[in-house]
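Structure record follows, encoded as structure tokens.
There are 2 protein chains.
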Amino acid sequence: MPKATNKPTILITNDDGITSPGIRNLVEAVKDLGRIVVVAPDKPQSGMGHAITIGHPLRMNKVDIFDGVEAWQTSGTPVDCVKLAVDKVLHRKPDLCLSGINHGANHSINVIYSGTMSAAMEASIESIPSIGFSLLDYNYEAEFAPARHYVHQIVGSLLTRKLDKHLLLNVNIPSVPMELIKGVKVCRQAYAKYQEDFKERKDPHGKKYYWLTGAFVNFDKGKDTDVWALENNYVSVVPVQFDLTNYKLKAELEKNWKLK
Amino acid sequence: MPKATNKPTILITNDDGITSPGIRNLVEAVKDLGRIVVVAPDKPQSGMGHAITIGHPLRMNKVDIFDGVEAWQTSGTPVDCVKLAVDKVLHRKPDLCLSGINHGANHSINVIYSGTMSAAMEASIESIPSIGFSLLDYNYEAEFAPARHYVHQIVGSLLTRKLDKHLLLNVNIPSVPMELIKGVKVCRQAYAKYQEDFKERKDPHGKKYYWLTGAFVNFDKGKDTDVWALENNYVSVVPVQFDLTNYKLKAELEKNWKLK
């Protein structure tokens, strides 16, 4: 970490787009903690997962929409934004990358679909400590004051520690008034997911099309999960890794699986 | 697993699109092992990661391009295809989901960006045992015979076992003649990745745009990784999980991280 006299460079991105209230609140929340640089998508990119743009080129333009903060919008995905920021804006790795504040939950299995978390994971892969923040409220008029408080507290606290270069946290904040939040809880990812139910419609020419919808179901009864923490008004912090190897299954296959 | 008299239903998808040689070779490789149903994107979707389509509706049409095999093309991502297949085509979970054969490697960190592996992971989340296959050759005229052999061997062998409902394997096949392949090796995911280098161009109006390019770098010297296995002409099999919790960091934060 940089010395007190040398403020850390904090890269900020998101997946709801650079004009969303969530990213504005994130910038405001950490403005006093470092030199902030924003590189974010020029349009909403929710549900983009870890998508990258290979088949066509990217545009990037400087914008002046955050008071006194350097900001760039790109035509790419959240992951593209992190890559562009390092290679073409900062020309170095920032000290920390923050993504969000997402409008809506990214707990449980949603970490995998989330553009917010994929941007943070991309930074972690690039050896940049990184945190994704999400507020459990899809509303653009959501109340962000409690979220700002906890973002500042968590980022401020981490900046006093020596951070692992691959540190990656998934932070979700309940959408309740400040006085109801019980504190911060380190959790594991719940096995909870959406049960798909595509809605079938017909276009004016009689041809079918489908809308993805679904109901959220928690299959995980543990009290150490992010879903449990959020249901009980805690801020959930799930440490995340990008090594997806299933070591238990690896050992089992090595022992028992003989190919004919 | 279904009994011998009751052939398993095998869902096949990919990310290179339903007309690619890779998916055709996958269908051919396992046709005798079950009832095959193909639900795949109507266009290439490489690098889509775990993207899903939320903001606009999906189209799906039956196509007759595989000899005697039920097949549907969709306007969605690989993950959308798995969701649509379960909810609108099969109206039940298949016994197995296969994704690929991808044109190009999906080893190491590429598992995270890969549409091929994201489709397989989606199935695994849905409690469908699943395998993603990739051949280390981007060429559409690639030689698929060795890949077909190993696909048949691996799928055939797994169908004789009781499979965990979340089983998820990332299989990569070296692009060398059959006689040079040394066998199948169960591995862990290497820490190897692309070092980004965006190429800057100017459009006819003088405005900049950027192409994502990069060089592959292996930071992982282990001999138990997928990259090592492939470099040594083994077929690599990495067991994959969708619980991204970093339990080591979780224990450390629970012990040492006191928020002010």
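Chains A and B, in that order, give the protein sequences.
In this text, residue positions in the first sequence follow our numbering: the first is 4, and each later residue adds one.
In this text, residue positions in the second sequence follow our numbering: the first is 4, and each later residue adds one.
Note that the Cβ used here is the ideal one computed from N, Cα and C, for glycine as well.
Since we're looking at a predicted model, the values are computed, not measured.
With a cut-off of 8 angstroms on the beta carbons, I'd call residue i and residue j a contact; round off their distance for me.
i: Leu-14(B); j: Cys-100(B); result: 5 angstroms
i: Ile-68(B); j: Thr-12(B); result: The pair is not a contact, with the Cβ atoms about 20 angstroms apart (cut-off 8 angstroms).
i: Glu-73(B); j: Val-41(B); result: 7 angstroms
i: Val-240(A); j: Lys-168(A); result: Not a contact, Cβ separation roughly 19 angstroms.
i: Lys-196(B); j: Ser-117(B); result: The pair is not a contact, with the Cβ atoms about 13 angstroms apart (cut-off 8 angstroms).
i: Arg-191(A); j: Asp-140(A); result: Not really, about 23 angstroms apart at Cβ, beyond 8 angstroms.
i: Asn-17(B); j: Asn-105(B); result: 7 angstroms
i: Asn-175(B); j: Ala-108(B); result: 6 angstroms
i: Thr-56(B); j: Asp-83(B); result: 5 angstroms
i: Phe-147(B); j: Gly-103(B); result: Not confirmed; about 10 angstroms, so no contact.
Would you mind reading off the limits of the alpha helix (DSSP H) that contains residue i?
i: Leu-101(B); result: Not the alpha helix (DSSP H): Leu-101(B) falls in the beta strand (DSSP E), residues 99 to 106.
i: Arg-151(A); result: 148 to 162
i: Ala-122(B); result: 118 to 128
i: Arg-27(A); result: 24 to 33
i: Lys-210(A); result: Lys-210(A) -> no alpha helix (DSSP H), and no H or E assigned at all.
Please confirm if residue i has its CB atom under 8 angstroms from at least one CB of chain B.
i: Gln-192(A); result: yes
i: Pro-60(A); result: yes
i: His-110(A); result: no
i: Gln-76(A); result: no
i: Val-241(A); result: yes
i: Trp-231(A); result: no
i: Thr-12(A); result: no
i: Ala-7(A); result: For Ala-7(A), the predicted model reports a pLDDT of 48, less than 50, meaning its position is unreliable; a value from the coordinates is still stated below. No, Ala-7(A) lies away from the interface with chain B (no Cβ there is under 8 angstroms from its Cβ).
i: Lys-3(A); result: Within the shown structure, residues of chain A are numbered from 4 to 263, placing residue 3(A) beyond reach of any answer.
i: Ser-143(A); result: In the sequence on display, residue 143(A) carries Tyr and not Ser. Closer than 8 angstroms: no.
i: Ser-121(A); result: yes
i: Arg-204(A); result: yes
i: Tyr-116(A); result: yes
i: Asp-72(A); result: At residue 72(A) the sequence reads Val, which differs from the Asp that was named. Val-72(A) does not count as touching chain B.
Taking only beta-carbon atoms, is residue i less than 8 angstroms away from chain A?
i: Val-158(B); result: no
i: Asp-246(B); result: yes
i: Met-51(B); result: yes
i: Ile-57(B); result: yes
i: Asp-90(B); result: yes
i: Asn-105(B); result: no
i: Leu-99(B); result: no
i: Glu-199(B); result: yes
i: Leu-29(B); result: no
i: Tyr-237(B); result: no
i: Ala-43(B); result: no
In the DSSP output, which residue or residues are listed as bridge partners for residue i?
i: Thr-228(A); result: Arg-191(A)
i: Trp-75(A); result: Val-42(A), Lys-65(A)
i: Val-238(A); result: Val-187(A)
i: Thr-12(B); result: Arg-38(B)
i: Lys-86(A); result: In the DSSP output, where bridge partners are listed per residue, Lys-86(A) has none listed.
i: Lys-196(A); result: Val-220(A)
i: Lys-202(A); result: Trp-214(A)
i: Val-243(A); result: Thr-248(B)
Using 10 angstroms around the beta-carbon of residue i, count the other beta-carbons present and answer buried if the total reaches 16, otherwise exposed.
i: Asn-142(A); result: exposed
i: Leu-256(B); result: buried
i: Ala-88(A); result: buried
i: Val-243(B); result: buried
i: Met-120(B); result: buried
i: Met-124(A); result: buried
i: Lys-253(A); result: buried
i: Lys-86(A); result: buried
i: Ser-133(A); result: buried
i: Pro-44(B); result: buried
i: Met-51(A); result: buried
i: Arg-27(A); result: buried
i: Arg-151(A); result: buried
i: Ser-49(B); result: buried
i: Asn-173(A); result: buried
i: Thr-77(A); result: buried
Considering residue i, what are the terminal residues of the beta strand (DSSP E) in which it resides?
i: Asn-175(A); result: 171 to 176
i: Leu-138(A); result: 133 to 138
i: Asn-221(A); result: 217 to 221
i: Lys-253(A); result: Here Lys-253(A) belongs to no beta strand (DSSP E); instead the alpha helix (DSSP H) covers 250 to 259.
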